[in-house]
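Visitor:
Residue numbers (this note's numbering): 5 to 255.
Below is the structure:
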């Protein structure tokens, strides 16, 4: 599994993800505006965060490993008339000749890094590119605030209308490997069209990092947390929070 199966249909990805992204976008915009400088959006996808930042007049560079997602982000950027730059690259090895006053990593993309060494590589890239006065903001799902049980019975998740106007019912199963701290979701999207019943399966694996482990990784990379939240509406982080949202700077 290349862990990119969920990111091969960018148009419908936006239809699934955008409705629930308003708080995340607003949060990132508020902090990025304070930086008033160049922005790096890692694992930027279709530009869900990158493009609102670019529309605020900030110089934005978006980086993502998925070519279809980047291609769609570029189309959107042209349609909006922004100068945002979108690059196909690996955030674990990304290198730029400049620094950034604001670096974002959202959509729980940190969890797509399935080992500590990969997480460390990413955080080192962030530290190397973060201006000495800059901020790095990212989130990861909180293990103690997440249902990590094995669920082999397919359960309904949500419904949306796709780009063709067809109702898509999304359901799935999940399995957790406690030793590797990896939860694998298997998703099924079902809809009907003129060709009959359609179904598309995809799998995605995510690593769940405990907050203490996360802080140790940040410290090793030369980063420290200055603020931490449990949701995008600024609620303080607690052990029961669904998210670990970290506002970081260089040490």
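Don't be surprised by glycine CBs; every beta carbon is placed ideally from N, CA and C. These numbers were taken from a predicted model, which means no experiment stands behind them.
#1: Can you find at least 3 beta carbon pairs, one from the stretch 154-168 and one from the stretch 64-74, that sit closer than 8 Å?
#2: Which same chain residues, not among the five before or five after residue 230, have their C-beta less than 6 Å away from its C-beta?
#3: Rank 128, 103, 97 by C-alpha distance to the C-alpha of residue 135 and give the top, closest one.
#4: Note down, one range per segment and in chain order, each beta strand (DSSP E) of at least 3 residues found wholly within the stretch 131-175.
#5: Among 148, 206, 65, which residue has its Cα nearest to the Cα of residue 9?
#6: Got a sec? Which residues, its chain only, sit under 6 Å from residue 14 by beta carbon, not counting five neighbours each side?
#7: Under 7 Å from any heavy atom of the ligand SAM, does the C-beta of residue 110 make it?
#8: Going by DSSP, which residues form a beta bridge with residue 211?
#9: Using the Cα positions of residue 85 and residue 78, report the straight-line distance between them to the nearest angstrom.
#10: Run the CB neighbour count on residue 55, radius 10 Å, all protein chains shown included, and call it buried at 16 or more, exposed below.
#11: Taking 8 Å as the cut-off, decide whether the C-beta atoms of residue 107 and residue 92 are in contact.
#12: Contact between the stretch 106-126 and the stretch 138-155: three or more CB pairs below 8 Å?
#13: Pull up the distance between the alpha-carbon of residue 63 and that of residue 153, whole angstroms please.
#14: Which ranges does the alpha helix (DSSP H) cover as unbroken runs of at least 4 residues, wholly within the stretch 14-83, from first to last along the chain?
#15: Who does residue 200 pair with in a DSSP beta bridge?
#16: For residue 195 and residue 168, I'd like the C-alpha separation in whole angstroms.
#17: Expressed to the nearest angstrom, what Euclidean distance is found between the alpha-carbon atoms of residue 119 and residue 211?
Guide: Per the coordinate set shown:
#1: no
#2: Within the chain shown, the letter at position 226 stands for residue 230. Once the five neighbours on either side are set aside, the close Cβ partners of residue 230 are 251, 253.
#3: Here residue 135 is taken as the residue at index 131 of the chain shown, counted from 1. It is 103 whose Cα lies nearest to the Cα of residue 135.
#4: 134-145, 155-165
#5: If you number the chain shown from 1, residue 9 lands on position 5. The option with the nearest alpha carbon to residue 9 is 206.
#6: Counting from one through the chain shown, the residue named residue 14 turns up at place 10. Excluding residues within five positions, the ones whose Cβ falls inside 6 Å are 50, 72, 73, 76.
#7: No copy of the ligand SAM appears in this structure; indeed no ligand is present at all.
#8: In the chain shown, residue 211 corresponds to position 207, counting from 1. In the DSSP output, where bridge partners are listed per residue, residue 211 has 186.
#9: On the chain shown, residue 85 is found 81 positions in, with the first residue counted as 1. On the chain shown, residue 78 is found 74 positions in, with the first residue counted as 1. Near 10 Å, if we compare the C-alpha coordinates of residue 78 and residue 85.
#10: Along the chain shown, one-based indexing puts residue 55 at 51. Answer is buried; the Cβ neighbour count reaches 16.
#11: Here residue 107 refers to the residue found at position 103 when the chain shown is read from its first residue. Here residue 92 refers to the residue found at position 88 when the chain shown is read from its first residue. No; because the gap between Cβ atoms is not below 8 Å, this pair is not in contact.
#12: yes
#13: Translated into the one-based positions of the chain shown, residue 63 becomes position 59. Translated into the one-based positions of the chain shown, residue 153 becomes position 149. If I take the Cα positions, the gap works out to 42 Å.
#14: 14-21, 26-39, 54-59
#15: Start at 1 with the first residue of the chain shown, and residue 200 comes out as number 196. Residue 200 pairs with 197.
#16: What you label residue 195 is simply residue 191 of the chain shown in a count that begins at 1. What you label residue 168 is simply residue 164 of the chain shown in a count that begins at 1. Residue 195 and residue 168: Cα-Cα distance of roughly 11 Å.
#17: Counting from one through the chain shown, the residue named residue 119 turns up at place 115. Counting from one through the chain shown, the residue named residue 211 turns up at place 207. When rounded, the distance between both Cα atoms is 7 Å.
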